[in-house]
Each structure stands twice: as structure tokens, then as C-alpha cells.
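Novice:
In this note's numbering, the protein residues as written are 892 to 1034.
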């Protein structure tokens, strides 16, 4: 999760909402990503999607069976769908998202679809929350 937080800090420095994600398989990081939505002007460039694309490229296969994603904020429905489609086995998340979270924060897509993914919540959540709060406070001040 600390590496995912490093990715979130990269997003912060770019003026992006500071969310970071990494994907690990067999003890090795195979994918990294942070939000790039503003930078690329592409609404699909969430940290999770960027990390999945990186992992797929790294493995040469879209199936990420046996992989774990570490993400600093609970995935939205788009990202949760991509995680399910990529067959990621486990998701470790930081901050719960009560507005858009799809793994229990707002609703649970896993229950809706009957998907079997292990979800671990609120890992290093205070660090993730602090980064997000700092970003939005800075944004409100015009920075």
C-alpha cells in the first residue's frame, strides 16, 4: 500500500485527485498507476485502470488471476468492473468512498454480480485520507 501511496503522490503533484494503485502477482509489482484524468482529458484514466493496463502489458495477458490490487481509495463502479473483468483475486483499499465506492462504500457490485473477490478495507486509510483532504483544501484555496 505504501507504493500505491507513492503513486497517489505523483497524481497530487500533477494536479490530479491523488489516488494511486499497484498490482502485485507472486510478490512482484506488475502494474502501477495513478489518476491521469485531467492530464489526458480522458475520463477512464483512473489509477486502477492505468494499473490494470500496465499489468496487462507487463504480463502479455488480460487475465490477472492470482493478482492483488492495492489502491488508496475505494474503486468506483467503472474500476470495480474492470477489476472483475481482469480477474484480479484480491483488492486492498485505503479510504472508503461513501459517494461512489463500489466495494461497499456506496454499494457492493460484488453482491450484485456474484463476483468472488477478496476485499480488505481501510489499510493505511489515514495516510490516504490526509492526502485527499490536503488536495481538496488546496483546490478550494485556488491552488
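No residue lacks a Cβ here, since even glycine has one placed at the ideal position from N, Cα and C. Since this is a predicted model, take the numbers as computed values, not measurements.
Have a look at the DSSP bridge pairing and note the partners of residue 959.
Specialist: For this step, residue 959 is matched to residue 68 along the chain shown. Answer is 915 and 981, bridged to residue 959.
Novice: Helix or strand or just coil, what does DSSP make of residue 972?
Specialist: What you label residue 972 is simply residue 81 of the chain shown in a count that begins at 1. If DSSP states are grouped into helix, strand and coil, residue 972 belongs with the helices.
Novice: Go to residue 947, then tell me how far its alpha helix (DSSP H) extends in each direction, as first and last residue.
Specialist: Within the chain shown, numbered from 1, the residue matching residue 947 stands at position 56. Per DSSP, residue 947 belongs to the alpha helix (DSSP H) from 938 to 950.
Novice: Please name the residue in 988, 942, 958 and 925 whose C-alpha comes closest to that of residue 1009.
Specialist: For the purposes of this step, residue 1009 is identified with residue 118 of the chain shown, where counting begins at 1. Comparing Cα-Cα distances from residue 1009 to each of 988, 942, 958 and 925, the minimum goes to 958.
Novice: Sort out for me which residues DSSP pairs residue 999 with in a bridge.
Specialist: Walking along the chain shown from the start, residue 999 turns up at place 108. For residue 999, which the question treats as bridged, DSSP gives the partners 994.
Novice: Determine, using beta carbons only, whether residue 984 and residue 962 come nearer to each other than 8 angstroms.
Specialist: The residue labelled residue 984 in the question sits at position 93 within the chain shown. The residue labelled residue 962 in the question sits at position 71 within the chain shown. Yes, these two residues count as a Cβ contact at 8 angstroms.
Novice: Candidates 893, 897 and 904: which alpha carbon is nearest residue 876's?
Specialist: With the chain covering only 892 through 1034, there is no way to say anything about residue 876.
Novice: Along the beta strand (DSSP E) that carries residue 1011, what are the first and last residues, could you check?
Specialist: Position 120 of the chain shown, counting from 1, holds the residue named residue 1011. First-last of the beta strand (DSSP E) with residue 1011: 1009 to 1011.
Novice: Starting from residue 923, follow its DSSP beta bridges and name the residues at the other end.
Specialist: Locating residue 923 in the chain shown gives position 32, counting from the first residue. Answer by DSSP bridge pairing, in chain order: 913.
Novice: Based on the DSSP secondary-structure assignment, which residues constitute the bridge partners of residue 986?
Specialist: As a first step, residue 986 must be located in the chain shown, where it is residue number 95. Answer is 964, bridged to residue 986.
Novice: Can you list, in chain order, the residues of its chain with a C-beta nearer than 7 angstroms to that of residue 908? Leave out the 5 residues immediately preceding and following it.
Specialist: Here the question's residue 908 lines up with position 17 in the chain shown. Within the same chain, residue 908 has close Cβ partners 902, 926 and 1026.
Novice: Distance, Cα to Cα, residue 948 vs residue 939?
Specialist: Locating residue 948 in the chain shown gives position 57, counting from the first residue. Locating residue 939 in the chain shown gives position 48, counting from the first residue. If you take the alpha carbons of residue 948 and residue 939, they lie about 14 angstroms apart.
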